[in-house]
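If you read the sequence shown in UniProt numbering, its first letter stands for residue 1, the second for the next number, and so on.
Glycine included, C-beta positions come from ideal geometry on N, C-alpha and C.
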Amino acid sequence: MNDLREILHEAPFLAMGTDGAQLVRNKRILHNEDGLPQLFDDRFSGSMAGEWPWDVKSDAKELYHKWSSKNFDDDMLRGIKPAQKGKHAEDDRMADQVDKECQVSSKYVGNGQLVNGQWWPTLLCALRDGAHGDSQSGISGETYVAAYSCFISGGKNHLYDDKDMGDIVEYFGQDSATPGQVSRGTSLLQKNVSKKLPVRFIRSSKVNSIYAPTIGFRYDGLYDVVSSTLEDESKQRYKFKLVRRSDQGPIRGGDGPEARPTRQEVMRYKQDKRFRGFGKD
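What follows is the structure, encoded as C-alpha cells:
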C-alpha cells in the first residue's frame, strides 16, 4: 500500500506540461472504471470497496480534482504573482498576489472540492484554491451568511491564547477597534454558532501544537462552532469552541505515511529557492 501512496504523492510533481491532458486521456486516469475514481469512490472500487485507506482515498480525490480541472502544473506557486524582491523572503511572499485566472471562489459553506489534509506552502496558495478568502485575517466569510473558514497560527506576534487540542480547538475571534462593538471576524463566527454552520479549518506550521503541519498550511476539515464566551469586555474578545466533525478521517499530522505535507512536498519546498527564509519567526 505504501507503494501506491508514493505514486499518489509523486504524481502532482510530474512535469507533464502541455501534454498533460493527452497523457491523462491516453492512460484513462480520470475514467471511473479503471482510473482514480476506483480509489475514492466505492461505486467503482469493485472488491476493494470500503478497503482503501482513508488517506489514499483523500489523496486520489485531490489528484482527480487537480487533473480534471486541467491543472497539470507541477509548480506549488502556480498562479501566484511574486512581489517586488525585498530584503526578507517572508515579506516578499506576504506581498504576493493571486492571478485572477487561477483564483477559486472561497464563498461557500463546506468542503467544496477540498479534501482532508490538503496542503499548501503559503496561505496565498490556500486562497488561490478557495480554502480561505482573506490574506490578512484569520477569519473569512460573508456578513449575511457566516464564517466560511478560519486558520490558526502562532509565533512571537500572535495575540491570542488559542488552544489546539486536535478535534477540539479554543479559538479567539478578533479584538474590536470600536468600544462595545464586536469585530467583523467575531461577528461572523457568532453567526456560525446561531446558524449551526461549520467552518473550514486550516492549521499553520506556526501553531504550537502537535497537530500542526511541519511547514506551510494544511486543511483539516470541517469544525462546528458550538459556543462563544466573552473573555474580555473592553476588547470585545470572544473565545469560540470548535469541534471537528467525526466523519472525515483523522487529522493528518505526525510522521506516518499518511501525514501531510508528504515527503515529496517537504522535499520540493526545501529545494525551491523562493521559500528560503520563509515561515521563520
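Here the C-alpha atom of residue 221 lies approximately 32 Å from the C-alpha atom of residue 23.
Distances from the CA of residue 115 to each of 16, 82, 251, 256 were compared; the closest alpha carbon is that of 251. Taken in chain order, the unbroken stretches of alpha helix (DSSP H) that lie wholly in the segment 14-63 and span 4 residues or more are 20-26, 37-40. The distance from the Cβ of residue 173 to that of residue 139 is about 7 Å, consistent with a contact at the 8 Å cut-off. As the crow flies, the alpha-carbon of residue 81 is around 46 Å from that of residue 47. In the structure shown, residue 188 falls within a helical segment according to DSSP collapsed to helix, strand and coil.
Of all alpha-carbon atoms in 153, 205, 228, 59, the one lying nearest the alpha-carbon of residue 186 is that of 228. Here residue 36 is buried. Its C-beta has 16 or more other C-beta atoms within 10 Å.
In this structure, DSSP gives residue 269 a helical state, which the three-state scheme calls helix.
In the DSSP secondary-structure assignment, residue 164 is bridged to 169. Look at residue 244 here: in three-state DSSP terms it is strand. The shortest CA-to-CA distance from residue 135 to any of 208, 210, 95 is the one to 95. DSSP places residue 10 outside any beta strand (DSSP E); the residue lies instead in the alpha helix (DSSP H), whose first and last residues are 2-10. Taking all protein chains in view, the Cβ of residue 51 is surrounded by fewer than 16 other Cβ atoms within 10 Å, so the residue is classified as exposed.
Between residue 217 and residue 193, the alpha-carbon positions lie close to 25 Å from each other. Burial is judged here by how many other beta carbons sit within 10 angstroms of a residue's own beta carbon; residue 234 has fewer than 16 and is exposed.
Per DSSP, the beta-bridge partners of residue 146 are 142. Only buried fits residue 106, as 16 or more other CB atoms lie within 10 angstroms of its CB. For residue 219 against residue 118, the beta-carbon gap comes to about 4 Å, under 8 Å, which counts as contact. Beta bridge pairing from DSSP links residue 97 with 81. A distance below 9 Å separates the beta carbons of residue 57 and residue 249.
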